[in-house]
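Undergrad:
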Amino acid sequence: MRFGLHISIAGGIFNAPANAAEVGCEVFQMFTRSPRGGKPPALTPEIVIQFRDGMKKHQQAACYVHTPYYVNFASKNNRIRFGTIAIIREELERSSQLGVTALMTHLGSAKEVGEDEGRAMVVEGLIKMLDGYTGTTRFLIELAAGAGNILGDSFEEIADYIEQAEEALPKLAVKIGVCLDTCHAFTAGYDLRTPETVNATLKKFDATIGLDRLVLIHTNDSKADLGVHIDRHEHLGAGKIGKAGFAALVKHPKLQKIDFILETPHDGKEVEDLTLLKSLRDQ
264 MRFGLHISIA GGIFNAPANA AEVGCEVFQM FTRSPRGGKP PALTPEIVIQ FRDGMKKHQQ
324 AACYVHTPYY VNFASKNNRI RFGTIAIIRE ELERSSQLGV TALMTHLGSA KEVGEDEGRA
384 MVVEGLIKML DGYTGTTRFL IELAAGAGNI LGDSFEEIAD YIEQAEEALP KLAVKIGVCL
444 DTCHAFTAGY DLRTPETVNA TLKKFDATIG LDRLVLIHTN DSKADLGVHI DRHEHLGAGK
504 IGKAGFAALV KHPKLQKIDF ILETPHDGKE VEDLTLLKSL RDQ
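Per this note's numbering, the very first residue in the sequence shown carries number 264; after that it's consecutive.
Okay, here's the thing in structure tokens:
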């Protein structure tokens, strides 16, 4: 179990490992491109070597990549829909060059097409995106909070996407994994406030998706209440999940080999969240 933050790549992606070490990360997450659009910065052989050397020099055990925010497998606009497929595949290939452990993405919204068609489009998009992929970076679906028509806010729905995609891609080199965001899970209706509810939620995850597919935990408290489907991250212990919930997650025996990445508000207090996680682990 290792802890980290989402880290800026300002000045060059090769700076990320040093930036992560400076704030006390053991692992970290980053974008490899602007999350708002535009061409990605080139990954020259020199940059890749600098990044990989930086990982070793600054003792970063693993790096994770988040896709841009604008992706949507269920968009009615083919430029966005097929662009999503192309961009995520490109991000997987770029991440493999860098030696990234896993890449996670949101699936998008079915607002324009309705839920049934949206789900079918997600499956079709996942198959197209992963077909022929032989890289080393594992692809993760991130559980959503489910506001509006956002797709992927239940264990059952994600399990269905995985089953259909892998059935169509029997030679897929690396199994599809899952990133569990604590804020999203909580406001999607999965209670994480006590040792008992954490255990119950993880048992449900295991029965539905399988804990062998849980690769990463986005560790965020929630400004919103249980089951209200609102995505509003809060600092650990200051939200509706509370410190006891995060203590239960850190101490859970089934999570001891899972990395935790904080996405709490970047206002300076996120480093305090990192310190808190370490203290919970060491108690």
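By construction, the Cβ of each residue, glycine as well, lies at the ideal position given by its N, Cα and C atoms.
Because the structure is a prediction, the values reported are computed rather than measured.
Does the beta-carbon of Lys467 have 16 or more other beta-carbons within 10 angstroms, so that it is buried, or is it exposed?
TA: Burial call: exposed.
Undergrad: How would you call Ala305, buried or exposed, if buried means at least 16 neighbouring beta carbons within 10 angstroms?
TA: The residue is exposed, with fewer than 16 neighbouring Cβ atoms inside 10 Å.
Undergrad: From Glu459 to Tyr327, what distance separates their C-alpha atoms?
TA: Each residue's Cα considered, the two are about 29 angstroms apart.
Undergrad: Relative to the alpha-carbon of Leu389, which residue among Met367, Ala408, Gly409 has its alpha-carbon at the smallest distance?
TA: Of the listed residues, the one whose Cα sits closest to Leu389 is Met367.
Undergrad: Taking contact to mean at least 3 C-beta pairs separated by less than 8 angstroms, is the stretch 535-544 in contact with the stretch 519-526?
TA: Yes: at least three Cβ pairs fall under 8 angstroms.
Undergrad: For the stretch 389-455, which segments carrying the alpha helix (DSSP H) assignment without a break, of at least 4 residues, lie completely within its bounds, in sequence order?
TA: Taking only runs of at least 4 residues, the alpha helix (DSSP H) segments lying wholly in the stretch 389-455 are 418-431, 445-450.
Undergrad: Could you give the distance in angstroms between the alpha-carbon of Tyr453 and the alpha-carbon of Gly490?
TA: Looking at the two C-alpha atoms, the distance is approximately 7 angstroms.
Undergrad: Could you tell me which whole beta strand (DSSP E) segments of length 3 or greater appear in the stretch 308-354?
TA: 326-329, all fully within the stretch 308-354.
Undergrad: Within the continuous alpha helix (DSSP H) that includes Gly547, where are the two ends?
TA: Because residue 547 is not part of the residues shown, which for the chain are 264 to 546, the question remains open.
Undergrad: Where does Met264 fall in DSSP's three states?
TA: Coil at Met264, not helix or strand.
Undergrad: Classify Glu430: buried if its beta carbon has 16 or more other beta carbons within 10 angstroms, exposed otherwise.
TA: It is exposed - the Cβ of Glu430 has fewer than 16 other Cβ atoms within 10 Å.
Undergrad: Please go through the stretch 356-390 and give each complete beta strand (DSSP E) segment of 3 or more residues, from N-terminal end onward.
TA: Qualifying beta strand (DSSP E) stretches, in chain order: 365-368.
Undergrad: Apply the 10 Å Cβ neighbour rule to Ser358 and answer buried if 16 or more other Cβ atoms are within range, or exposed otherwise.
TA: It counts as buried.
Undergrad: Compare the C-alpha of Leu361 against each of Ala325, Arg265, Gly381, Leu393 and name the closest.
TA: Ranking Ala325, Arg265, Gly381, Leu393 by Cα distance to Leu361 puts Ala325 first.
Undergrad: Return the Cβ separation of Thr450 and Ala487 in integer angstroms, given the expectation that the two are a contact with Cβ distance under 8 angstroms.
TA: At roughly 5 angstroms, the Cβ-Cβ gap stays under 8 angstroms, so Thr450 and Ala487 are in contact.
Undergrad: Quick check: the stretch 305-324 against the stretch 278-292, are there 3 or more CB pairs under 8 angstroms?
TA: Contact between the stretch 305-324 and the stretch 278-292 is present, because at least three Cβ pairs lie under 8 angstroms.
Undergrad: At a Cβ threshold of 8 angstroms, is Gly300 touching chain B?
TA: Note that chain B does not occur in the displayed structure, where there is just one protein chain.
Undergrad: Taking 7 angstroms as the limit between beta carbons, can you name the residues of its chain near Gln427, skipping five residues before and five after?
TA: So the list reads Val386, once near-sequence residues are dropped.
Undergrad: Determine the DSSP secondary structure at Asp484, reduced to helix, strand or coil.
TA: Asp484 falls in the strand class under three-state DSSP.
Undergrad: Given a threshold of 16 other Cβ atoms within 10 Å of its Cβ, counted over all protein chains shown, does Ala349 qualify as buried or as exposed?
TA: Exposed.
Undergrad: If Ala365 sits next to Val478, beta carbons under 8 angstroms apart, how far is it from one beta carbon to the other, in whole angstroms?
TA: At roughly 5 angstroms, the Cβ-Cβ gap stays under 8 angstroms, so Ala365 and Val478 are in contact.
Undergrad: Count the other CB atoms, across all protein chains shown, that sit within 10 Å of the CB of Ala373; report buried if there are 16 or more and exposed otherwise.
TA: Ala373 should be labelled buried.
Undergrad: Go ahead and label Pro331 buried or exposed: buried means 16 or more other beta carbons lie within 10 angstroms of its beta carbon, across all protein chains shown.
TA: By the 10 Å Cβ count, Pro331 comes out buried.
Undergrad: In the structure shown, what three-state DSSP assignment does Val478 receive?
TA: The answer is strand: DSSP assigns Val478 an E or B state.
Undergrad: State yes or no: is the C-beta of Ile270 within less than 8 angstroms of the C-beta of Met293?
TA: Contact flag set, yes.
Undergrad: Measuring only the C-alpha atoms, how far is Glu504 from Phe336?
TA: The question names Glu, but residue 504 is Ile in the sequence shown. Going from the Cα of Ile504 to the Cα of Phe336 covers about 30 angstroms.
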